[in-house]
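Here's the structure, in structure tokens; my notes come after.
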Amino acid sequence: MEYADGEGGGGGGGGGGGGGGGRGRMRMCGQDGEFKSKNLQAERRRRQKLSDRLLALRSLVPIITNMNKGTIIEDAITYIKELQNNVKDLSDQLLEMEAYPEEEAKQSSRTLDAAEEMNSFGIQEEVKVIQIDGNKLWLKIVIEKKRSSFTKLVEAMNFLGFEFTDTSITTSKGAILISATVEFQGVYGESLEVAETRELLQEIIRGI
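This note's numbering applies: residue 86 is where the sequence shown begins, and numbers increase by one.
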């Protein structure tokens, strides 16, 4: 009888130990669930941030052939390469315009400055804007011939969202004549009126 009682006491102790183990497992399961929940929230935030950035990229690229992520990135790469080619072409034109031989530089130092030369021929600064289609515009700009003036004009217009697609430049009698087709690419799809574009260009020219 004493032996049997001893076994019963041991069994009770074992049952108590089993209950403690069960509570331990419950606590571990609860911790695992909390950890997984935090991971899911972090993943959702990461995906949302990626989606927002893709939307922002899509708004900057004028032509998107498909709305899936891979195509948006490919179209953006193509567009950036086109812009790089445009910059290279314009830079080459500028180098040709601004590479004056030494003899010409000596002669120019003895002639009238560009503004006086323009006035002597009755040439006035001019900004003409004609809307071709939607946000595509044709520009005719006559400005005083200054070193790097065309570069500064292009940089300012690119910064404001204008993309040059076709450009012709002529220098004569102290003036630069620029004929160009440009497209306005607003970040949020906004457009510019012809009068507003003309005023904006005049403001840029006054600052260069």
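The C-beta atom is built at its ideal place from N, Cα and C for all residues, glycine as well.
Three or more Cβ pairs closer than 8 Å define a contact, and the segment 196-212 falls short of that threshold against the segment 147-167.
A check of alpha carbon separations from K258 across A199, S144, K213, R232 identifies A199 as the nearest.
With a 10 Å radius around the Cβ and a threshold of 16 neighbouring Cβ atoms, A260 comes out buried. Assignment of I293 by DSSP, reduced to helix, strand and coil, places it in the coil class. Non-local beta-carbon contacts of F269 in its own chain, meaning distances under 6 Å to residues more than five positions away in sequence, involve N220, G246, F247, L277 in chain order. Taking 3 residues as the minimum length, the beta strand (DSSP E) runs contained wholly in the segment 219-270 are 221-229, 247-257, 260-269, in order along the chain.
In the same chain as L168, and ignoring 5 residues on each side of it, the C-beta atoms closer than 8 Å to its own belong to E248, in chain order. Scanning the segment 130-204 from its first residue to its last, no whole beta strand (DSSP E) run of 3-plus residues comes out.
Between D251 and A241, the C-beta gap is not smaller than 9 Å, which leaves the two residues out of contact. Between V172 and R130, the alpha-carbon positions lie close to 37 Å from each other. Per DSSP, the beta-bridge partners of Q216 are L222. Within the same chain, I215, I217, T266 come within 6 Å of W223 by CB-CB distance, once the 5 residues on both sides are set aside. In this structure, I157 keeps its C-beta atom at 9 Å or more from the C-beta atom of S234. By the neighbour-count definition (other C-beta atoms within 10 Å, threshold 16), I228 is a buried residue. DSSP, read as helix, strand or coil, puts E281 in helix.
In this structure, DSSP gives E210 a state outside helix and strand, which the three-state scheme calls coil.
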